């Protein structure tokens, strides 16, 4: 046998790698200069583009993808996972457009890397990301529709990059011109200074053009410019429905260019199509187009589509009259203009909206109305939302509050129409609103009434509205003279809530001192405006008293709703101005009155109040220290104020000053530490906000809590020293305080025995539960906090006599989980209509209780969205979490009772239909759940569903809950894009059925198999040691019995157990905490991976089975020693996916020469690593034959991208 020079062999391999690299044909780079020259060959180790004869999307690794993104301008990346059945179907469709994307200069690759996918925001698979010069955009459409995907990848919208005009090649430009109604194209050439300057200026209007529906691109292609006979560059060509016109003026004047583009949008021969716009574009159009009509519609609504069809007929007529017509499908945009339903038409004239209230389907009547709006000036009708938008924009607005059915209102309106043009000249927007509720917010009780807004500050007109000349004179005066505006108490409340900085002078207009002060303060009104401080005055002694002001004039400054009282001389306006500006620029603890404290307790969730004596030096010293933490408290969302009022302090049981009281959602807690140590105070306040503790209260505070709250739990400890039994009981209760917070129960403690005796308590400690002020004494074991918690949340304990039980959403979820039949009234706190409905529903509460139906009400914030409600108030009936919505009159309690009892007695459908909220709850809470996803367009779904109904009872017997859903959004999140589909959830982990869904028996067998299959072996310590010694690859999942996370985690691991075995990896589970701790997991769950007894620990997402499998099978993690690794077929496939160059030594145990050759090859393993070549050995004769090797030993070299391996002939 000839002795080999193994370093020489390594050189041969390296040479082969380079030679192969230079024989591959690379894709062309996306042209950026109009050049048609082919791209140079990519360097060694680069990702290899495919042969164009085979439309196959290339597989890349993370490193290769990084390289592609660096080298290519446009890259489409298809993300997939191993166990995703939908991924294969989608990939098959996308292969059909791979060649097309090549034509447009878009590289298309695929990658299976969940960690990298997460980095780019991909959470669900399959997914498609389009990188434009490394900038990613995720495709949100149907991946099964390859035409739509191709349209997306080659569309102007996808190419759009922020703050730049996109570069295109001639192929993409042609497609954009064909697909885009309006596109501006800048033809330029390299090295042209004039071109560079024009481009720089035009970049400034790219976004504006985009918002107006005009695409903007640039192209560096001299041959194409010559073909168009453009002459000297740069040149701007504007394509409107593929018809080009050339801009003949100066390109550096970007505003003139934009105006020209907008003016030339209409060619006059377009089809009657109303342009669809986004909310952002609509805002731009309102600001830039004098006459604009907008159709708000819903594409899924038959009425909307019928109206749209009619209105398309008058689009050209609108164009001829200079009215631009657009449409928008955006519920949020509609609601921002106060539109309660769609379709609806709003006409904007110079940004002022006017709602059309005629027959929207009569296009001729609408056109006549629009032309009428152009020809005559009327005061526009607006909604309260529109009014808020105008006020927020800082416009000068005159608002007529009127009643359309009131003769006096109509008469005033007719007169005021005569001065609308004059108001326009003055720069005043004149509008009207028929909304008495909005009027009442501003304190207007009688209509008609006129309010003038300047910088958001309202002024009420007190003259005769039928004398239009006087009104105009008054409005002119408001514009020309800047005075401190008079406001009502309602207006003041609105200003304080909407504006950050408001100065308020409380005065008496009949008092000489007030008049004198007002005259001085008028001198600083302009300076306040310039400093961003709104200055108003109010002549209302009752409103003053609400803030603790008993004598006027007084000045109060509100900063973010928090009042500061001025104590200086109001006649010295310069000092007042200096103080106001100081308050705005510097943060100090404001001085307040007891009335203000009461208002703040109501309005602020987190409030700290320092009760102090301003004449006490020590108190002032403490105040100065606390000033140091004012800014930190503001960052934490805690408002701090100070109050010099010993009597108010006594109302909270405080007999020593200074004292700090913290209020959280109206519940007070007294600080017991050293107030001079501001750092400790800050720490305590933050702890109060971020942690739940049982507060100790005085008897005065306790009485207030019982009076104000529905549920109050009081621990009467009696005299209690640290370490005593009463103290240890309190410590135990701290363990259940969080749970009680979630149920809305206020938990406090007190040593005061006097109030306890009022309720007949003689022994201490005792626990009393107050329900709507009614006490209930706990008689169980106080040291068993779990028993206490069970008693408190028991239905009978919580029930308030004679009332429907109020619950929060967490408590509601608990009851829905536990009770079979529940009726829930969802409503908005403070809604008068809801209160009336509740009074009626109280009458049927007992009848429901007799049938074991629990009746609840809830008014938590966000319930409408969280529970997917049609609106508030709403009444729902739940049976085992499945709900029905009541659609009748909520004031007819008898009809409601009949409806509830009918549902209670009726039998449910076979497979229950569920909404999104219920389905998500089931996925989270039900251990074994099957979901049939379908949609109304699926023709086969009804017959398949009928077949599946026959196994519903069988699934029930097997403990599998079977439901159906039309929630396409939730389906898409788990990779379902076509219907029908069946998904089985175990502990919330989904697995998709890929068999014949119409074969109900096969479906049933599959479900039962999923439920009963437990493939992971449970091992003890002895077995663990045995496996560590004997298994090459061992993955151990550590867990703790009883941990609620464990079933879900083990389910994830079971999904990859079989595939891990194909790599030779044995997966086991072990609940030996000592062994877990020894291997680095003090608090399981966790995964330890043993490779020939050497172990590493998993630090990724243990709930992500794909990520766990990728980690286990990562070649770098499977490497055992410094020798050439032995791998199997599956492991080799994984290595080939991630490695550019792989050398394989094929051998067998019965080959005598193999051992000797292997020993020699071991000498060059490190050198191979250094050269970027992975060296492995495989004992698999069949695989060797598949590679063309028929005599062992043999060495075969694999190069990524090469179709055929290279067999080394030197052995």
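Numbering (mature numbering (1 follows the signal peptide of the UniProt record, and there is no 0)), first residue to last: -21 to -1, 1 to 1190. Where a beta carbon is used, it is the ideal one built from N, C-alpha and C, also for glycine. No experiment lies behind these values; they were computed from the predicted model shown.
| query | result |
| --- | --- |
| Quick check on residue 493: buried or exposed, where buried means 16 or more other Cβ atoms within 10 Å of its Cβ? | buried |
| I need the DSSP call for residue 513, collapsed to helix, strand or coil. | strand |
| Excluding five sequence neighbours on each side, which residues of the same chain lie with their C-beta closer than 6 angstroms to the C-beta of residue 528? | 485 |
| Suppose you measure from the CA of residue 304 to the CA of residue 153; what does that come to, to the nearest Å? | 28 angstroms |
| For residue 60 and residue 93, which I take to be in contact (beta-carbon distance under 8 angstroms), what is that distance rounded to the nearest angstrom? | 6 angstroms |
| How many angstroms separate the CA atom of residue 1028 from the CA atom of residue 1112? | 27 angstroms |
| Taking buried to mean at least 16 other C-beta atoms within 10 Å of its own C-beta, is residue 815 buried or exposed? | exposed |
| Between the C-alpha atoms of residue 1076 and residue 1006, what's the straight-line distance to the nearest angstrom? | 17 angstroms |
| What span of residues does the alpha helix (DSSP H) with residue 131 cover, start to end? | 125 to 132 |
| From this set, 323, 319, 302, 321, which residue's C-alpha is nearest residue 353's C-alpha? | 302 |
| Quick one: is residue 194 buried, meaning 16 or more other Cβ sit within 10 Å of its Cβ, or exposed? | buried |
| Hey, is the region 310 to 326 in contact with the region 274 to 292, meaning 3+ C-beta pairs nearer than 8 angstroms? | yes |
| Name the residue from 65, 197, 1084 whose alpha carbon lies nearest to the alpha carbon of residue 148. | 197 |
| List, from N- to C-terminal side, the alpha helix (DSSP H) runs of 4 residues or more that fit wholly inside the region 452 to 479. | 468 to 477 |
| In angstroms, rounded to a whole number, what distance separates the CA positions of residue 518 and residue 876? | 52 angstroms |
| Looking at C-alpha atoms only, which residue of 717, 1107, 578 is the closest neighbour of residue 1044? | 1107 |
| Whole angstroms is fine: what's the gap from residue 388's alpha carbon to residue 811's? | 28 angstroms |
| Give the secondary structure of residue 823 by DSSP, where H, G and I count as helix, E and B as strand, and everything else as coil. | helix |
| To the nearest angstrom, how far is the alpha carbon of residue 51 from that of residue 112? | 7 angstroms |
| May I ask which residues mark the beginning and end of the alpha helix (DSSP H) holding residue 767? | 764 to 771 |
| Using C-beta distances below 6 angstroms, list every residue in its chain close to residue 332, excluding the 5 sequence neighbours before and after it, in chain order. | 325, 361, 365 |
| Could you check the C-alpha separation between residue 1179 and residue 76 for me, to the nearest Å? | 24 angstroms |
| According to DSSP, is residue 197 helix, strand or coil? | strand |
| Of all the options 570, 120, 151, 841, which has the alpha carbon lying nearest to the alpha carbon of residue 79? | 151 |
| Quick one: give me the first and last residue of the beta strand (DSSP E) that residue 1073 is part of. | 1073 to 1076 |
| Would you check if the region 1016 to 1033 and the region 1055 to 1074 touch, i.e. whether three or more CB-CB distances between them fall below 8 angstroms? | yes |
| Which class does residue 450 belong to by DSSP, given the choice of helix, strand or coil? | helix |
| Would you mind reading off the limits of the beta strand (DSSP E) that contains residue 40? | Counting along the chain, residue 40 falls outside any beta strand (DSSP E), and DSSP gives it neither H nor E. |
| By the three-class DSSP mapping on this structure, what secondary structure does residue 360 have? | strand |
| To the nearest angstrom, how far is the alpha carbon of residue 944 from that of residue 320? | 27 angstroms |
| Compare the Cα-Cα distances from residue 916 to each of 959, 892, 936 and report the closest residue. | 959 |
| With C-beta atoms as the reference, is residue 392 less than 8 angstroms away from residue 379? | yes |
| Among 106, 67, 84, which residue has its Cα nearest to the Cα of residue 951? | 106 |
| Touching or not, the region 38 to 56 and the region 110 to 124, by the rule of three or more beta carbon pairs under 8 angstroms? | yes |
| Taking contact to mean 3 or more Cβ pairs, one atom from each stretch, closer than 8 angstroms, check whether the region 575 to 587 and the region 598 to 617 are in contact. | yes |
| Helix, strand or coil, according to DSSP, for residue 991 in the structure here? | helix |
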